[in-house]
Amino acid sequence: MENNQDLKIVIDDIEVLLDGILLSGVSVTLDSTLREVNRLAVSCDKFGLKEGASMLFRLDEALKMKRHTFNFDVDEVVKTLAVLGSYVSLIKEKMKKL
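Everything in the sequence shown is counted per UniProt numbering, starting at 1 for the first residue and increasing by one.
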């Protein structure tokens with residue numbers, strides 16, 4: 001049961017992260033945001049949520065790369081955020097059935 005509670009916390013944290021990124025805008029990337037993306041990616045991996053971990057690691061790389069290029073692909077980041085949001089919704093629905 002504790003494992004389910006820990007998973008719920010991770011999923012809730014991902015939702016908060018997505019909300020924060022969308023509210024602040026993709027063009028603003030704080031160090032704390034990058035640390036949180038990485039922490040959540042590692043947590044997803046530990047829970048066996050490989051696709052979620054993969055999306056978060058891609059998001060982390062894209063946001064880091066944005067700091068060093070003028071050719072930042074906003075569309076790719078927004079697509080990843082949208083898919084990740086759908087992924088989180090799907091997991092929450094499945095968790096309700098447990």
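Don't be surprised by glycine CBs; every beta carbon is placed ideally from N, CA and C.
Please read these numbers as outputs of a predicted model, since none were measured by experiment.
query: Which listed residue (K8, V74, D12 and N4) has its alpha carbon closest to that of T29; result: V74
query: Cut-off 7 Å between Cβ atoms - residues of its own chain near K66, not counting five sequence neighbours on either side; result: T29 and F72
query: Within 9 Å, strictly: CB atoms of L81 and L40; result: no
query: Burial state of G52, where buried means 16 or more other Cβ atoms lie within 10 Å; result: buried
query: First through last residue of the alpha helix (DSSP H) which encompasses F57; result: K50 to K66
query: Neighbourhood of D45 by C-beta, 8 Å cutoff - its chain only, sequence neighbours within 5 removed; result: A53
query: C-beta atoms of residue 102 and L59 nearer than 9 Å; result: Residue 102 lies beyond the residue range present for the chain, which begins at 1 and ends at 98; the question has no answer from this structure.
query: 9 Å Cβ cutoff met for L22 and I91; result: no
query: Coil, strand or helix - N4 by DSSP; result: helix
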